[in-house]
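There are 2 protein chains.
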Amino acid sequence: MAVNLDDLKQLRKATGAGMLDCKKALEESDGDMQKAITILREKGIKVASKKASRDADEGLIVSYIHPPGKLGVLVEINCETDFVARTEDFQKFAKHVAMHIAAYPPSVVSRENLSEEAIEAERKVLLSQLEDSGKPASIIEKIIDGRMEKFYSESCLLDQEWSDDPDVGTVKDALTDLIGKLRENIVINRFARFSIGN
Amino acid sequence: MAVNLDDLKQLRKATGAGMLDCKKALEESDGDMQKAITILREKGIKVASKKASRDADEGLIVSYIHPPGKLGVLVEINCETDFVARTEDFQKFAKHVAMHIAAYPPSVVSRENLSEEAIEAERKVLLSQLEDSGKPASIIEKIIDGRMEKFYSESCLLDQEWSDDPDVGTVKDALTDLIGKLRENIVINRFARFSIGN
């Protein structure tokens, strides 16, 4: 059966499980949401949040040099064991992250890495665009909140759309999928992106 | 004939030319220093300082991942034209620099990249080791200057011994050799070095 997209979104939101796992669960439950949640729970897929507190001090350093060598990325992705670091899934993901960063340069890995000043500066710019609009302050505040989400989705790697497969959602969603699959805490720790002349 | 090592050092100091060029010049002049200098001048090898002011906004981004992927380096090396960036000499040098940084981690590219605070902090540590020595202040100052050179030769890439061939001298010497050979200003601009767990 075809899976209802809204159900899929709701299921992801409710369980934090990966896209593919949710899809399979909904197929298995014939679209029954409660049953799908149970299936996911039984499968132990709701792991991402549980794993998040576990030490991730293994992993891989991966690079991507975009031919002919005017642009390059170095990225560190951590997991809990060298066993997982050696899996094809992990290595493939790491490589894709490096290529993603090359193509869609973020400024930081996650929102938490943005400085207070950077966030304040962005809000000020947005405010200056709106303050003569005649709209009430509470509305302006809401509009700015919305536009800040856009700002995050451009400048924070985890909030960016996952370029390898936009259907997955964000980079964070792709990461969640991987955590669900490999059952370890996985963290994109840091990256460097150099291009000639920048 | 065998080249006298002291002559070689003196010639390099006098001309700023590369190791190999100096050696060849001394061989050609049968060890005559003045003649060797003239030979080098005629060959136009004393180029490094002349080139230094020219724009280097081309180049390469090169990476080195040390197997099995727990350590990686990304480095940007600039030159003046894409033509030089594509030469085997340039690419080989860039690759060696990346491998060198992996093996002998510097903190910065050159002394100029060290903060005043880092230099002051180091001098203070050295001073605290010497202030009870009973030596006069002027002597202590000289000892500290000497030890600072050692500090630079460990923490600044350009002051480190060139690991690909210690006979060449420092990384800066190897760079000078390359500039003499390729006749363009060449700059090691920046690097990132990630290792798992650091």
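From first to last, the protein sequence lines stand for chains A and B.
In terms of the working numbering, the first sequence has 126 at position 126, counting the first letter as 1, and numbering is strictly consecutive.
In terms of the working numbering, the second sequence has 1105 at position 105, counting the first letter as 1, and numbering is strictly consecutive.
Ideal Cβ positions, reconstructed from N, Cα and C, are used throughout, including at glycine.
As the structure is a prediction and not an experimental result, all values here were calculated from the model.
Next on the checklist: If we require 3 or more residues per run, which beta strand (DSSP E) segments fall completely within the region 1087-1174 of chain B?
Outcome noted: Entirely contained in the region 1087-1174 of chain B, not one beta strand (DSSP E) run reaches 3 residues.
Item to check | Pick from B/ILE1119, B/THR1170, B/ASP1165 and B/ASP1164 that is closest to B/ASP1145, judged by C-alpha positions | outcome: Ranking B/ILE1119, B/THR1170, B/ASP1165 and B/ASP1164 by Cα distance to B/ASP1145 puts B/ILE1119 first.
Checklist entry - Listed in chain order, which residues of the region 54-68 of chain A have Cβ atoms closer than 9 Å to some Cβ of chain B? => result From the region 54-68 of chain A, only ASP57, GLU58, GLY59, LEU60, ILE61, VAL62, SER63, TYR64, ILE65, HIS66 and PRO68 have a Cβ closer than 9 Å to chain B.
Next on the checklist: Using the three-state DSSP reduction, which class does A/GLY180 fall into: helix, strand or coil?
Outcome noted: Residue state, collapsed to three classes: helix.
Checklist entry - So what does B/ILE1188 bridge to, in DSSP terms? => result Answer is B/ILE1077, bridged to B/ILE1188.
Next on the checklist: Buried or exposed, going by whether 16 or more other CB atoms sit within 10 Å of the CB of A/ALA52?
Outcome noted: With fewer than 16 other Cβ atoms inside 10 Å of its own Cβ, A/ALA52 counts as exposed.
Item to check | Coarse secondary structure for B/SER1029, derived from DSSP in three states | outcome: Assignment of B/SER1029 by DSSP, reduced to helix, strand and coil, places it in the coil class.
Item to check | Cβ-based contacts, 9 Å cut-off: residues of the region 178-198 of chain A near chain B | outcome: So the close ones are ASN189, ARG190, PHE191, ALA192, ARG193, PHE194, SER195, ILE196 and GLY197.
Checklist entry - Do B/ASN1078 and B/ILE1186 have their C-beta atoms closer together than 9 Å? => result Contact flag set, yes.
Checklist entry - What in chain A is Cβ-close to B/LYS1023, meaning under 7 Å? => result Ordered by position in chain A, no residue passes the 7 Å Cβ test against B/LYS1023, which lies about 32 Å from the chain.
Checklist entry - Name the chain B residues whose beta carbon is nearer than 9 Å to that of A/LYS70? => result Contact note: A/LYS70 reaches chain B through GLU1058, GLY1059, LEU1060, ILE1061, ASP1082 and ALA1085, using a C-beta cutoff of 9 Å and chain order.
Item to check | Residues near B/ILE1061 by beta carbon distance below 6 Å, same chain, minus five either side | outcome: Within the same chain, GLU1076 come within 6 Å of B/ILE1061 by CB-CB distance, once the 5 residues on both sides are set aside.
Checklist entry - Is the beta carbon of A/ALA25 less than 9 Å from the beta carbon of A/LEU11? => result Less than 9 Å separates the beta-carbon of A/ALA25 from that of A/LEU11.
Item to check | B/GLN1160, buried or exposed, once every other Cβ within 10 Å from all chains shown has been counted against 16 | outcome: In the assembly as shown, B/GLN1160 is a buried residue. Its beta-carbon has 16 or more other beta-carbons within 10 Å.
Next on the checklist: Among A/ILE143, A/ALA174, A/MET148 and A/PRO166, whose alpha-carbon lies nearest the alpha-carbon of A/LEU158?
Outcome noted: Closest in alpha carbon position to A/LEU158, among A/ILE143, A/ALA174, A/MET148 and A/PRO166, is A/ALA174.
Item to check | 9 Å Cβ cut-off: residues of chain A touching B/GLU1076 | outcome: Result: GLY72, PHE194, SER195 and ILE196.
Item to check | Neighbour-count burial assignment, A/ASP63, 16 or more Cβ in a 10 Å radius | outcome: Rather than Asp, the amino acid found at residue 63 of chain A in this sequence is Ser. Buried: at least 16 other Cβ atoms inside 10 Å.
Checklist entry - Is it the case that the Cβ atoms of B/GLU1080 and B/ARG1111 are separated by a distance below 9 Å? => result For B/GLU1080 and B/ARG1111, no; Cβs fall outside 9 Å.
Checklist entry - Of all the options B/VAL1003, B/LEU1020 and B/ASN1189, which has the alpha carbon lying nearest to the alpha carbon of B/LYS1181? => result Closest in C-alpha terms to B/LYS1181, from the list B/VAL1003, B/LEU1020 and B/ASN1189, comes B/LEU1020.
Next on the checklist: Can you determine whether any heavy atom of the ligand FAD sits closer than 8 Å to the C-beta of A/ASP89, and answer yes or no?
Outcome noted: The ligand FAD is not among the ligands present in this structure, which contains no ligands whatsoever.
Checklist entry - Quick one, which of A/VAL125, A/THR176 and A/ARG193 has its alpha-carbon nearest A/LYS13's? => result Of A/VAL125, A/THR176 and A/ARG193, the residue nearest in Cα terms is A/THR176.
Item to check | Run of the beta strand (DSSP E) containing A/VAL62, from where it starts to where it stops | outcome: Where A/VAL62 is concerned, the enclosing beta strand (DSSP E) stretches over 58-66.
Next on the checklist: For A/ASN198 and A/ALA98, what's the separation of their Cα atoms in angstroms?
Outcome noted: Using only the alpha carbons, I get a separation of about 18 Å.
Checklist entry - So A/ASP164 packs on A/HIS100, CB below 8 Å; how close in whole Å? => result Going by Cβ atoms, the distance from A/ASP164 to A/HIS100 rounds to 7 Å, so yes, they are a contact pair.
Next on the checklist: Helix, strand or coil for A/SER49? Go by DSSP, reduced to three states.
Outcome noted: Assignment of A/SER49 by DSSP, reduced to helix, strand and coil, places it in the helix class.
Checklist entry - From which residue to which residue does the alpha helix (DSSP H) around B/ALA1014 run? => result Following the DSSP letters along the chain, one finds B/ALA1014 inside the alpha helix (DSSP H) bounded by residues 1005-1015.
Checklist entry - Around the Cβ of B/VAL1168, are there at least 16 other Cβ atoms within 10 angstroms (buried) or fewer (exposed)? => result Only buried fits B/VAL1168, as 16 or more other CB atoms lie within 10 angstroms of its CB.
Checklist entry - Excluding five sequence neighbours on each side, which residues of the same chain lie with their C-beta closer than 8 Å to the C-beta of A/VAL109? => result Cβ neighbours of A/VAL109 beyond the five flanking positions: CYS156, LEU157, LEU158, ILE188, ASN189, ARG190 and PHE191.
Checklist entry - Would you call the CB atoms of A/LYS23 and A/VAL3 closer than 9 Å? => result Yes, they are a contact pair.
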